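When the sequence shown is numbered by UniProt numbering, its final residue is 386 and no position is left out of the sequence of numbers. Built from N, CA and C at the ideal position, the CB exists for glycine as well. All figures in this text were calculated on a predicted structure; none of them were measured in a lab.
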Amino acid sequence: MQDGFSKEITDYINNLIEKSSLEEWLDGLKAKGVPGIDTTLDFVTHLRQLSALQQYLAKELTPSEQDELANIRAPISKLARVVQDQVGASRFLSTETQKVLDKVIWGLNSVNLFSNIAKSNADPLGKLYNTLEKAYQQQVRINGTDSARGNAVAGIIEALVTMIPDTVDLILSPIIMDSNYKMATNTYRFFPVAILDTLRSDIAVKQGLTYHVAAHEIYHAVFFAERDLPHDKEMLRRQRCYIQHVERVEKAFIKEEEAVAHSGDLTYGEDAPDFEGLQASYMMLKEYGKLEEKPYHDLNMTRQQLFFYTYAATQCRDDQFRRTPPNQADPHSLGYVRINAPTSLLTSFHEAFKCPASSRMRQLYLAANHDECNLIGQVARLRRPK
């Protein structure tokens, strides 16, 4: 989700440290299609990127910005409480779901690269990157074969996996621009580079760009824990109502988007967290207040409007399968659907932009069954807009 939006800062950080000859060699092997080197290459590349990120945090951020990163747990914990309140108020969700949510939130706060490396003077990951390079150079000096060189580096990594498995798993996770929930292990990596983009931004930008992503991923855990919910007839009706709403949104805009149909049952697993996550991040913004204030006068937008524009910016890209048959393995709706489906159901969106009764967004809102197109959170979100 963050790729295009944060590409400039990602590229900058990625180029702070020059690639070692080891990494260049591994890149070459991968380009040739040599099997079995992906994990080693990922490990080496991520070490360099993490070391570069630490340099960036230490040298190019102000003390107050470093403090904000180091204390990123505070707003995340607040967001988690919003989600917990929504889950706790839902009669559909089991007590077991609360336990799953508690574990995800614990992981969210403890396995967080910004909290772990902000304001740190040491650079153990950079030293490890250089150690692997030395092992590679030693093999080069003794005229070792490609196999011998690879085995020397892989042996060090294998030893690390045995000694510090959690740390190695963290290093092997996508790091520069990612935030993801792993259903198999119920673990959550929170590391969107958008946090760096928004350090100097208004709270509406932070909520619309960064924290809706966090809420989206938290809700993955909730929906996964309740994967047996379709056995509840009322919840099944609610799911079906939202799926039909998403399909109506797709149909309403598909011609001008020159896209192919993709949304429906296949994408519900991502569409639902989009809806709930956006609502949760908006509720955090609402707690802050001052929604009618215009933080950037040159944009002439209220804080409430800026929140929705920022959310839309995260999906503003040309989807690769927009004009070709979709990849059935991709569970995400196209960007224009991910923008318009959740926002068209939120009363706050209609109040922010005063959508006329004849607009497509208002028509989509009115077409939804307000008693059923509500998944887990507050029914009040679906009251008729002013």
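Buried or exposed (CB count within 10 angstroms, at least 16 for buried), residue i
| i | result |
| --- | --- |
| Arg384 | For Arg384, the predicted structure reports a pLDDT of 46, less than 50, and the residue's modelled location is therefore unreliable. The matter cannot be settled from this model. |
| Gly28 | exposed |
| Leu299 | exposed |
| His297 | exposed |
| Pro273 | buried |
| Asn340 | buried |
| residue 393 | Nothing about residue 393 can be reported from this structure: the residues present for the chain run from 1 to 386 only. |
| Tyr365 | buried |
| Arg338 | buried |
| Cys373 | buried |
| Val34 | exposed |
| Glu18 | exposed |
| Asp265 | exposed |
| Ser51 | buried |
| Asp67 | exposed |
| Leu306 | buried |
| Gly155 | exposed |
| Ile218 | buried |
| Arg140 | Note on identity: in this sequence residue 140 is Val, with Arg being the wrong assignment. Exposed, because fewer than 16 other Cβ atoms sit within 10 Å of the Cβ of Val140. |
| Arg238 | buried |
| Ile142 | exposed |
| Ile175 | Here Ile175 scores only 48 on pLDDT, less than 50, and its place in the model is too uncertain to base an answer on. |
| Asn15 | exposed |
| Asp11 | exposed |
| Asp271 | buried |
| Ala215 | buried |
| Ala31 | exposed |
| Leu236 | exposed |
Secondary structure of residue i, DSSP reduced to three states
| i | result |
| --- | --- |
| Cys241 | helix |
| Asp298 | coil |
| Glu247 | helix |
| Gly155 | helix |
| Asn15 | coil |
| Leu22 | helix |
| Glu8 | helix |
| His370 | coil |
| Gly269 | helix |
| Glu276 | helix |
| Leu199 | coil |
| Gly335 | helix |
| Thr210 | helix |
| Gln315 | coil |
| Val260 | coil |
| Ser348 | helix |
| Gly28 | helix |
| Ile254 | helix |
| Tyr37 | Note on residue identity: the sequence assigns Ile, not Tyr, to residue 37. Correct three-state label for Ile37: coil. |
| Thr343 | helix |
| Thr131 | helix |
| Lys290 | coil |
| Lys233 | helix |
| Pro124 | helix |
| Ile218 | helix |
| Ala357 | coil |
| Thr145 | coil |
| Asp42 | helix |
Test: residue i CB closer than 8 Å to a CB of chain C
| i | result |
| --- | --- |
| Gly36 | Protein chains in the displayed structure number just one, and chain C is not present. |
Cβ pair count under 8 Å reaching 3, the stretch 339–356 against the stretch 245–262: yes
So, does the stretch 44–63 touch the stretch 253–266, judging by three or more C-beta pairs under 8 Å? no
Can at least three beta-carbon pairs, one atom from the stretch 200–209 and one from the stretch 276–287, be found at a separation below 8 Å? yes
Cβ contact check for the stretch 257–269 and the stretch 361–373: 3 or more pairs under 8 Å: no
List in chain order: all unbroken alpha helix (DSSP H) runs of 4+ residues lying wholly within the stretch 54–89. 63–70 and 73–89
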